[in-house]
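Okay, structure first, notes after.
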Amino acid sequence: MKKILTVLAVGLLCLLLAAGCGSQQQRGERKDFTIVTSFYPMYIDVLNITKGIDGVKVVNMTKPQTGCLHDYQLTTEDMKTLEQADVFVVNGAGMEAFLDKARKQQKLKVIEASDNPDISFITDDGEDNPHVWMSVTYAIAQVQTITSKLCEADPDHADAYRKNALEYCTKLEELKKEMHAQLDDLPHKDIVTFHEAFPYLAKEFHLNIVSVIEHEPGTDPSPQELEATISAVNRMSVKVLFTEPQYSPAAAETIARETGAGIYTLDPVVTGEADERAADAYIETMKRNMDVLKQALQ
Numbered sequence: 260m261k262k263i264l265t266v267l268a269v270g271l272l273c274l275l276l277a278a279g280c281g282s283q284q285q286r287g288e289r290k291d292f293t294i295v296t297s298f299y300p301m302y303i304d305v306l307n308i309t310k311g312i313d314g315v316k317v318v319n320m321t322k323p324q325t326g327c328l329h330d331y332q333l334t335t336e337d338m339k340t341l342e343q344a345d346v347f348v349v350n351g352a353g354m355e356a357f358l359d360k361a362r363k364q365q366k367l368k369v370i371e372a373s374d375n376p377d378i379s380f381i382t383d384d385g386e387d388n389p390h391v392w393m394s395v396t397y398a399i400a401q402v403q404t405i406t407s408k409l410c411e412a413d414p415d416h417a418d419a420y421r422k423n424a425l426e427y428c429t430k431l432e433e434l435k436k437e438m439h440a441q442l443d444d445l446p447h448k449d450i451v452t453f454h455e456a457f458p459y460l461a462k463e464f465h466l467n468i469v470s471v472i473e474h475e476p477g478t479d480p481s482p483q484e485l486e487a488t489i490s491a492v493n494r495m496s497v498k499v500l501f502t503e504p505q506y507s508p509a510a511a512e513t514i515a516r517e518t519g520a521g522i523y524t525l526d527p528v529v530t531g532e533a534d535e536r537a538a539d540a541y542i543e544t545m546k547r548n549m550d551v552l553k554q555a556l557q
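The opening position of the sequence shown corresponds to residue 260 in this note's numbering, with each subsequent residue numbered one higher.
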């Protein structure tokens, strides 16, 4: 009888040890919570929200130099990236035209950063302009939206997400205050921008976009559009054109030759390296934009 009891005890102990080892193995193999972002502005936001949190991985789906996603087509590599996503963070408001296709092909939990009642969209030809992050106020709203939805999707890290988001939003509020102090009282407000990336920036800082060089980014303006822009520039008290680092300045240079306008660069914060240094990219780029506007409009 003692032998039977001994065998049973040893067997039970082995089972308990095996269960314990199995639990440890499961804990050791627990995969990261993976957040995939659609493009650079969303990547910047999520980097800041997830800063220093173990067990959370951030992947930017598109290449660092992709820029705005107006006509972007998903690649096979993109679909493989989305397969690993626990959450897909997008700008929304029509920026990611491929989103419906992605949802059909993948079971995706999508966070649309622009899905926030505090964001009032500017319409272009009856469609919402999606470049809302160019308003610092709306950039803050997007961070808040992403954070709220991430807390729902990944409650284990909710407190850390909220803490990081508060820290980043505080920095963005300081940026907003500095930009208003530098830009609100500029003597000249009329500007010509390269494409439709800057209406929210203009609205927030009381600038007036009198013309746009390329309505379809990357597509040369028609002769009629070029003539209309030249006429608008000639009526400006201070003739300034703003190009973007992501596109050729050729059309702007043609207008400058015809009008004597100065050419400056505004960056819509859509390209950059996808690494930890990107966390500061929005603030740094917006400060450069602030300095450029001051220089051009004094």
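Ideal Cβ placement from N, Cα and C applies to all residues, glycine included.
Check your understanding: Can you tell which of A487, L500 and Y420 has the C-alpha that lies nearest to the C-alpha of A555?
Key -> For the residues A487, L500 and Y420, the minimum Cα distance to A555 belongs to L500.
Check your understanding: How is D444 classed by DSSP in three states: helix, strand or coil?
Key -> Residue state, collapsed to three classes: coil.
Point to revise | In DSSP terms, what F501 is bridged to | key: According to DSSP, which records beta bridges pairwise, F501 is partnered with Y523.
Check your understanding: What residue does the alpha helix (DSSP H) around V295 start on, and which one ends it?
Key -> Element bounds for V295: not the alpha helix (DSSP H) but the beta strand (DSSP E), F292 to T296.
Review point. Beta-carbon separation of D337 and T293 under 8 Å?
Key: Here D337 is not near T293, since their CB atoms are 8 Å or more apart.
Exercise for review: Mind checking who T452 pairs with in its DSSP beta bridge?
Suggested key: DSSP, once it has assigned bridges, lists V471 as partnering T452.
**Study point:** V528 - containing alpha helix (DSSP H), residue span
**Key:** Element bounds for V528: n/a, residue is neither H nor E.
Review point. Does the Cβ-Cβ distance between N467 and D479 come in under 8 Å?
Key: No, Cβ-Cβ distance for N467 and D479 is not below 8 Å.
Point to revise | Residue span of the beta strand (DSSP E) that contains D370, given as start and end | key: In the sequence under discussion, the amino acid at residue 370 is Ile, which differs from the Asp named in the question. Judged by DSSP secondary structure, I370 falls within the beta strand (DSSP E) whose first and last residues are V369 to E371.
Review point. Hey, which unbroken runs of the beta strand (DSSP E) at 3 residues or more fall wholly within the segment 296 to 355?
Key: Taking only runs of at least 3 residues, the beta strand (DSSP E) segments lying wholly in the segment 296 to 355 are 315 to 319 and 346 to 349.
Review point. When DSSP builds the beta bridges, which residues end up paired with D386?
Key: The sequence shown places Glu at residue 386, not Asp. Beta-bridge pairing by DSSP links E386 to D383.
Review point. Quick one: Cα of G351 to Cα of L358, how far?
Key: If you draw a straight line from the Cα of G351 to the Cα of L358, it comes to about 9 Å.
Check your understanding: What is the DSSP secondary structure of K435, counted as helix, strand or coil?
Key -> It is helical.
Point to revise | Through-space distance from K290 to D550, alpha-carbon basis | key: If I take the Cα positions, the gap works out to 44 Å.
**Study point:** Sequence-distant residues of its chain with Cβ nearer than 7 Å to V305 (five each side left out)
**Key:** Cβ contact annotation for V305 (same chain, cutoff 7 Å, sequence separation greater than five): I294, T296, V317, V348 and I405, in chain order.
Practice item. Spell out a yes or no on whether the segment 361 to 372 and the segment 420 to 438 are touching, meaning 3 or more CB-CB pairs, one atom from each, closer than 8 Å. Key: In short, these stretches do not touch, since the Cβ pair count stays below three.
Check your understanding: Can you tell me whether L425 is buried or exposed, with buried defined as 16 or more other CB within 10 angstroms of its CB?
Key -> The residue in question, L425, is exposed, as its Cβ has fewer than 16 Cβ neighbours within 10 Å.
Exercise for review: With DSSP as the reference, label Q483 as helix, strand or coil.
Suggested key: The answer is helix: DSSP assigns Q483 an H, G or I state.
Practice item. Out of S481, N423, H329 and H416, point me to the one whose CA is closest to E386's CA. Key: Comparing Cα-Cα distances from E386 to each of S481, N423, H329 and H416, the minimum goes to H329.
Review point. Taking the C-alpha atoms as reference points, what is the distance between K339 and P300?
Key: Put simply, the backbone Cα of K339 is about 21 Å away from that of P300.
Practice item. Using only the heavy atoms of the ligand NAP, determine whether one of them is closer than 7 Å to the beta carbon of D444. Key: Here there are no bound small molecules, and the ligand NAP is not part of this structure.
Review point. Which residue's Cα is closest to the Cα of Y459: P527, P376, T544 and A537?
Key: Answer by Cα proximity: P527.
**Study point:** Beta carbon of M438 nearer than 8 Å to that of F464
**Key:** A contact, by the Cβ cut-off of 8 Å.
Review point. Would you call the segment 308 to 328 and the segment 528 to 546 in contact, with 3 or more CB pairs under 8 Å?
Key: The segment 308 to 328 makes contact with the segment 528 to 546: 3 or more CB pairs, one atom from each, lie closer than 8 Å.
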